[in-house]
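Participant: Below is one structure. I have some questions about it.
2 protein chains.
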Amino acid sequence: MCEIQVPPSDLSENLGKLLEGEGADVTFEVKGEVFRAHKAVLAIRSPVFKAELWGPVGKKNRRRITVEDIEPAVFKVLLHFIYTDSLPASGDLDGDGNDEIVEHLLVAADRYAMERMRLTCESILCRRLDVENVAATLALAARHYCCKLKDACIRFVNSGNRIKDVMASQGYEHLKKTCPSIVMDLLEEAAKTSVC
Amino acid sequence: MCEIQVPPSDLSENLGKLLEGEGADVTFEVKGEVFRAHKAVLAIRSPVFKAELWGPVGKKNRRRITVEDIEPAVFKVLLHFIYTDSLPASGDLDGDGNDEIVEHLLVAADRYAMERMRLTCESILCRRLDVENVAATLALAARHYCCKLKDACIRFVNSGNRIKDVMASQGYEHLKKTCPSIVMDLLEEAAKTSVC
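Residue numbers (UniProt numbering), protein chains in the order written: chain A, 1 to 196; chain B, 1 to 196.
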């Protein structure tokens, strides 16, 4: 009878404002670029940051951290996800030509133990699967313990009887060398489902 | 064809963990109770906290703040809302006997300019309206600029032709004294919609 509507949560939007750097208490140097952040936010979003910033292995008062193994463009998206729980709104990462940044983001998700970001990347890469990239995607999935993406790749190959095209693709030889057991899984599945 | 599900956002749940106090950089003393909090989180959720903690009027390095005008139980719920964008999950506040804490929380929402928390309180009080509390609720709504709750109260009185019962209720005399213009609105509306 009497109802007052409450608008949807604005927590993510509010937190996103912190990306501007106000009140930051830690600075990251990433290959020449500087990013300012807030220890408390990083620590609750990633157990690895928590250990680095608050844990016994971390120096309690670290204010400057150098990151050597992530590109600045990827680190920027990583911070965006940490603060807002979403990828940048422009949709940049879900378009063509951005496979690479999503792959690097998946590697970062694995490194910082951010499960939801990992699944977000797996989901994007899964939607982009084709016969040319599926072998490389499988190698990536295997290297970073992405069970769902790995299963999706194997299903993709077998659902369309695509094994011959995949064997002719660029990433296949690399996959054979780096993940022979997965290639065997793939070939066995293909043998089972073959219509020939 | 190929789909990997991403679980819902866990930002609120992650932030909620900060309520345990780890990494806190500010302490509130509230009538004998102590609450530890994080300046960055408070500042992005309330423009009043932002001014107090980061603005030119605030002392940049304030680490201890005394709060005189809020009860500890209310301050605890306020912090919960700041960190999680929701009221405590136990549903304590939406049951009977908790009108008072929701009213105090509405006052706190006004004081700290937290619009979504204000609407959340307005929504709860609106669902609890009856002829006995509507006059007091109207006075509260008027005092704290809650347009939606005020309109809901007036609709409540008129929709059921309840004006006589409201005039006999305990809060009515107080409302007449404190908000005569609202009482006139109420009586005029009642006169218009009267079925006599």
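Note that the Cβ used here is the ideal one computed from N, Cα and C, for glycine as well.
At which residues does the beta strand (DSSP E) containing R64/A begin and terminate?
Facilitator: R64/A -> beta strand (DSSP E) spans R64 to V67.
Participant: Provide the residue span of the alpha helix (DSSP H) that contains A40/B, from first to last.
Facilitator: Run containing A40/B: K39 to R45, per the alpha helix (DSSP H) assignment.
Participant: Near V166/A, which residues of its chain fall below 7 Å by C-beta distance, leaving aside the five closest residues on each side in sequence?
Facilitator: Excluding residues within five positions, the ones whose Cβ falls inside 7 Å are V131, V134, A135, V157 and Y172.
Participant: Our contact map puts W54/B next to E22/A with C-beta atoms below 8 Å; I'd like the distance itself, whole angstroms only.
Facilitator: W54/B to E22/A, Cβ: 7 Å. Contact.
Participant: Check whether the Cβ atoms of K50/A and A40/A sit closer than 7 Å, and answer yes or no.
Facilitator: Against a cut-off of 7 Å, the Cβ pair of A40/A and K50/A comes out as no contact.
Participant: Under 7 Å Cβ-Cβ, which residues of chain B neighbour H38/A?
Facilitator: Ordered by position in chain B, the residues that pass the 7 Å Cβ test against H38/A are A40.
Participant: Could you tell me whether the stretch 27-35 of chain A touches the stretch 75-84 of chain A, using the rule of 3 or more Cβ pairs below 8 Å?
Facilitator: Flag = yes, the stretch 27-35 of chain A and the stretch 75-84 of chain A touch.
Participant: In this structure, how does DSSP classify R162/B when only helix, strand and coil are distinguished?
Facilitator: In the structure shown, R162/B sits in coil (DSSP, three-state: anything other than H, G, I, E or B).
Participant: Using a C-beta cutoff of 7 Å, does I163/A count as contacting chain B?
Facilitator: So, not an interface residue.
Participant: Can you list, in chain order, the residues of its chain whose CB lies under 8 Å from that of E122/B, leaving out five sequence neighbours each side?
Facilitator: Closer than 8 Å at Cβ, skipping near neighbours: L106, A141, C146, K148, L149 and A152.
Participant: Could you tell me whether the Cβ of T120/A comes closer than 7 Å to any Cβ of chain B?
Facilitator: Output row for T120/A: interface = yes.
Participant: For the beta strand (DSSP E) containing V26/B, name the first residue and the last one.
Facilitator: Run containing V26/B: V26 to V30, per the beta strand (DSSP E) assignment.
Participant: How close, in whole Å, do the beta carbons of L11/B and L18/A come, if the pair is a contact with beta carbons under 8 Å?
Facilitator: Actually they are not in contact, since the Cβ atoms of L11/B and L18/A sit about 12 Å apart, beyond 8 Å.
Participant: Measure from the C-beta of S12/B to each C-beta in chain A and report whether the shortest distance is under 7 Å.
Facilitator: It does; some Cβ of chain A falls within 7 Å.
Participant: Any beta carbon from chain A within less than 7 Å of C126/B's own beta carbon?
Facilitator: C126/B counts as touching chain A.
Participant: Can you tell me whether R128/B is helix, strand or coil according to DSSP?
Facilitator: Looking at R128/B - three-state DSSP - the assignment turns out to be coil, as it is neither helix nor strand.
Participant: Assuming K176/B and V183/B form a contact by the criterion Cβ under 8 Å, report the distance between their Cβ atoms to the nearest whole angstrom.
Facilitator: So it is a contact: roughly 5 Å between Cβ atoms.
Participant: Less than 7 Å between the C-beta atoms of I4/A and C179/B, yes or no?
Facilitator: It is not a contact, given that the beta carbons lie outside the stated cut-off.
Participant: Is the beta carbon of A190/B less than 7 Å from the beta carbon of I163/B?
Facilitator: Their beta carbons are under 7 Å apart, which means A190/B touches I163/B by this criterion.
Participant: Quick one: Cα of D69/B to Cα of E103/B, how far?
Facilitator: So the two alpha carbons sit approximately 14 Å from each other.
Participant: For chain A, check one thing: does any of its Cβ atoms lie closer than 7 Å to the Cβ of A191/B?
Facilitator: Chain A, which has no Cβ nearer than 7 Å to the Cβ of A191/B, makes this no.
Participant: With DSSP collapsed to three states, give me the class of C196/A.
Facilitator: Its pLDDT being 48, under 50, C196/A is placed unreliably by the model, and the measurement read from it follows with that caveat. Coil at C196/A, not helix or strand.
Participant: On a CA-only basis, which of S9/A, L186/A, A168/A and Q170/A is nearest Y83/B? Give me that one, please.
Facilitator: It is S9/A whose Cα lies nearest to the Cα of Y83/B.
Participant: Quick one: list the residues of chain A neighbouring D85/B, beta-carbon separation under 8 Å, in chain order.
Facilitator: Within chain A, the residues near D85/B are S9, D10 and L11.
Participant: Please list, in chain order, all residues of the same chain as A37/B whose beta carbon is under 7 Å from its beta carbon, the five residues on each side excluded.
Facilitator: Taken in chain order, the residues that qualify are A24, V26, F28 and L79.
Participant: For R116/B, would you say it is in contact with chain A, using Cβ-to-Cβ distances shorter than 7 Å as the test?
Facilitator: Taking Cβ atoms only, chain A reaches closer than 7 Å to R116/B, which makes this a yes.
Participant: Using the beta-carbon of each residue, which ones in chain B are nearer than 7 Å to R45/A?
Facilitator: Ordered by position in chain B, the residues that pass the 7 Å Cβ test against R45/A are N14.
Participant: For H144/A, count the other beta carbons within 10 Å of its own beta carbon; 16 or more makes it buried, fewer makes it exposed. Which is it?
Facilitator: Burial call: buried.
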